[in-house]
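Scroll down for the structure; my scribbles are underneath it.
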Amino acid sequence: MAPRPLGPLVLALGGAAAVLGSVLFILWKTYFGRGRERRWDRGEAWWGAEAARLPEWDEWDPEDEEDEEPALEELEQREVLVLGLDGAGKSTFLRVLSGKPPLEGHIPTWGFNSVRLPTKDFEVDLLEIGGSQNLRFYWKEFVNEVDVLVFVVDSADRLRLPWARQELHKLLDKDPDLPVVVVANKQDLSEAMSMVELQRELGLQALDHQREVFLLAASIAPAGPSFEEPGTVHIWKLLLELLS
Numbered sequence: 015m016a017p018r019p020l021g022p023l024v025l026a027l028g029g030a031a032a033v034l035g036s037v038l039f040i041l042w043k044t045y046f047g048r049g050r051e052r053r054w055d056r057g058e059a060w061w062g063a064e065a066a067r068l069p070e071w072d073e074w075d076p077e078d079e080e081d082e083e084p085a086l087e088e089l090e091q092r093e094v095l096v097l098g099l100d101g102a103g104k105s106t107f108l109r110v111l112s113g114k115p116p117l118e119g120h121i122p123t124w125g126f127n128s129v130r131l132p133t134k135d136f137e138v139d140l141l142e143i144g145g146s147q148n149l150r151f152y153w154k155e156f157v158n159e160v161d162v163l164v165f166v167v168d169s170a171d172r173l174r175l176p177w178a179r180q181e182l183h184k185l186l187d188k189d190p191d192l193p194v195v196v197v198a199n200k201q202d203l204s205e206a207m208s209m210v211e212l213q214r215e216l217g218l219q220a221l222d223h224q225r226e227v228f229l230l231a232a233s234i235a236p237a238g239p240s241f242e243e244p245g246t247v248h249i250w251k252l253l254l255e256l257l258s
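In this text, residue positions in the sequence shown follow this note's numbering: the first is 15, and each later residue adds one.
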């Protein structure tokens, strides 16, 4: 029997995925793209559930800085790429940071989400790219254009953790100097792996100690009009320190 040709639907989906990746790359280059300047001189690996070495920061609230921020054209831009497998909690992380409620149920990102957050000295652009298998191919195209990578992991998804490790190390190999914040999300679940387990299973101990890699625990969920979950607060403080 002669092999059956690919159906029109399969061909259409494949073409759509290719077009989507190209569009993502063009949008990034146009809106966010620029030559990245290195703003760190030393590398340091740090593990733990809390960023104990961070300075004392007040709770950050965009409304508190509306009267103080300079004109938009005077603010420098900082870029943060938020990646991770689908279902890890990337979209919820962005919504919590921007003060928005979560979407009901699990709705995978088919494309990208972005949010721009003002601080006193600069604006932070966070770009999330969907974590489905057909979109992971394009992740590496964006790594060299950002200042910090945030990689979100579902701490309770033991079955897919090897995939998360593989994708993370691909990105680490792509840019050996890029600071990386690994977020161990869903630590509130009973089946969640411990920080020690995640450090081992993600292969973080074997990384070059000259690069900046951070592992933070989180249970990302909104609490009122602004984020108050300790893990989210620590992540934001760490990002501000790395971007300053």
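Where a beta carbon is used, it is the ideal one built from N, C-alpha and C, also for glycine. Treat the numbers as computed from the prediction; the structure is a model and nothing was measured.
Point to revise | First through last residue of the beta strand (DSSP E) which encompasses asparagine 199 | key: Counting along the chain, the beta strand (DSSP E) containing asparagine 199 begins and ends at 194 to 199.
**Study point:** Pair within 8 Å by beta-carbon distance, valine 196 and leucine 149
**Key:** no
Check your understanding: Should arginine 53 go down as buried or exposed, given a rule of 16 or more other Cβ atoms within 10 Å for buried?
Key -> With a pLDDT of 37 at arginine 53, under the threshold of 50, the predicted position of this residue should be treated as unreliable, though the coordinate-derived value follows. So arginine 53 ends up on the exposed side.
Point to revise | Those runs of the beta strand (DSSP E) which lie wholly inside the segment 142 to 188 and span at least 3 residues | key: Those beta strand (DSSP E) runs which fall completely within the segment 142 to 188 and span 3+ residues are 162 to 168.
Point to revise | Beta-bridge pairing of valine 129 - partner residues as DSSP gives them | key: Leu140
Review point. So which of Ile249, Leu257, Glu255, Ile143 has the shortest CA-CA distance to valine 110?
Key: Ile249
Review point. Which one of Gln224, Thr106, Asp100, Glu90 has the shortest CA to CA distance from threonine 246?
Key: Comparing Cα positions, the closest option is Thr106.
Point to revise | Straight-line gap, asparagine 127 to leucine 218 (C-alpha atoms, nearest Å) | key: 27 Å
**Study point:** Top-ranked residue by Cα proximity to isoleucine 143, from Glu137, Asp135, Phe136, Trp153
**Key:** Trp153
Exercise for review: Have a look at the DSSP bridge pairing and note the partners of leucine 111.
Suggested key: BP columns for leucine 111 are empty, so no partner.
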